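Those letters in the sequence shown? Residues -21 to -1, 1 to 296, by mature numbering (1 follows the signal peptide of the UniProt record, and there is no 0).
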Amino acid sequence: MISLLTLASVVLLASVPQAESIVIYTGWERHALVGSDVRLSCSFFSWRWTSEDVTFSWSYRPDGAKDPISIFHYAGGSPYLDNKGPFHDRLEFVGNPARRDGSIIIRNLDFSDNGTFTCDAKNPPDIVGRPSSVRLLVFEKVPVQAGVITGAIIGVVLGLLVLVVVIYYLMRFLVARRVFTLSVSKKKGKGKEGSQQKQGAPPSAEQQARLKASADKKKQESLADRIGIRGQGGSGPGSQEGIKASANDHRAGAHQAAPGSASSTHRPGTPPGTPVPPVPPDPQTHPPLTEERRRRRGGGGEEERRRRRRRRKRNEE
């Protein structure tokens, strides 16, 4: 690949004619203040090496004039100035011919210096080329160029766009951070609620009253189930009268002494050690057990156990 490129460059160089045109470069327009100095640049491009016989020539045509006048010439390594022209004591050669630079400086400008300056360069054998011109405008105050205004406007617009983009991404970052913070706080709150529910929050006064009433009711029902009181009206299992009556019966039976106790073996007026027969219960205060009461006191069978289980479930609910 490299060999092909080398061969192509050799062919192109061989196809270039021996006498080529020279290209000269100057500025387009220069602005300066009255009494200041200005540099007018001039350079050229040539396919040949810089010759020792390189030459530079400057001419000046004032505004409103038709014919230019020669003000500077460089040849054979020496600069030549116009001793009678308008710049004979204000023009200075500051170029470097070895680097293809033929720039000049005009000092102490005045309004009469407004005009067109033309540069022509020769690099033998490259001598064919068009001169290049630059226009000089002298002002009391340098005006703001249109390019400067355009550049300033473009800079301001770009700055505003960058500011808008920065604000947009900053707002997105703040919103995302806020959402993340809220989500984390919600998760923490749910965790605290769950831990409180697991630990069990203390019941309120109303809940304590309900629990106490439910416990009392369960106690009464369990007492009624143990004694086995069933009936209608006031002697029913859920009525207060029936429960009180059964409780009185239970206490009365408890006061009766057992056959083997001290009260059953000793009675006032009898010698110690004399057995005393048990006292039969009073029919008015302790009516005899009917078959229904015996059955209920003894358990009531499978149907009674089912009823008790259903009652316990309702109480637990």
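The beta-carbon is built from N, C-alpha and C at its ideal position, and this holds for glycine as well.
Computed from a predicted structure; not experimentally measured.
Out of the options, point me to the one whose CA is closest to residue i's CA.
| i | options | result |
| --- | --- | --- |
| Glu200 | Phe72, Arg293 and His52 | Arg293 |
| Val113 | Leu12, Arg286, Arg284 and Leu19 | Leu19 |
| Phe24 | Leu161, Leu12 and Val107 | Val107 |
| Thr34 | Gly74, Val143, Val144 and Leu142 | Gly74 |
| Lys45 | Trp7, Thr95 and Arg289 | Thr95 |
Is the separation between the beta-carbon of residue i and that of residue j shorter than 7 Å?
| i | j | result |
| --- | --- | --- |
| Val2 | Arg9 | no |
| Val117 | Asn87 | no |
| Ser22 | Tyr4 | yes |
| Phe72 | Ile85 | no |
| Pro76 | Ser30 | no |
| residue 299 | Asp68 | Shown here, the chain extends from -21 to 296; a query on residue 299 therefore has no answer. |
| Asp105 | Arg27 | yes |
If we count the other Cβ atoms within 10 Å of its Cβ and call it buried at 16 or more, is residue i buried or exposed?
| i | result |
| --- | --- |
| Lys63 | exposed |
| Lys101 | buried |
| Trp37 | buried |
| Ala194 | exposed |
| Ala203 | buried |
| Gly138 | exposed |
| Leu142 | exposed |
| Leu190 | exposed |
| Tyr148 | exposed |
| Gly213 | Residue placement at Gly213 is poorly supported in this model, since its pLDDT is 42, which falls under 50; the coordinates still yield a value, given next. Result: exposed. |
| Leu70 | buried |
| Leu161 | exposed |
| Leu140 | exposed |
| Glu281 | exposed |
With a threshold of 7 Å on Cβ separation, who are the neighbours of residue i within its own chain once the five nearest residues in sequence on each side are excluded?
| i | result |
| --- | --- |
| Pro110 | Ile3, Thr97, Cys98 and Asp99 |
| Phe90 | Val13 and Val117 |
| Ala241 | Confidence in Ala241 is poor, its pLDDT being 42 and thus under 50, which makes the residue's placement unreliable; the coordinate value appears in the next sentence. Around Ala241: no qualifying Cβ. |
| Ser82 | Arg18, Leu19, Ser20, Cys21, Val73 and Gly74 |
| Ser15 | Leu88 |
Once you ignore the five residues that flank residue i on each side, which residues in its own chain have a CB closer than 8 Å to its CB?
| i | result |
| --- | --- |
| Gly56 | Glu31 and Pro76 |
| Glu119 | Leu12 and Val13 |
| Val163 | none |
Keeping to the same chain, check which residues put their C-beta closer than 6 Å to that of residue i; ignore five residues upstream and five downstream.
| i | result |
| --- | --- |
| Val154 | none |
| Tyr59 | His52 |
| Ser(-1) | Val107 and Gly108 |
| Ala54 | Thr34 |
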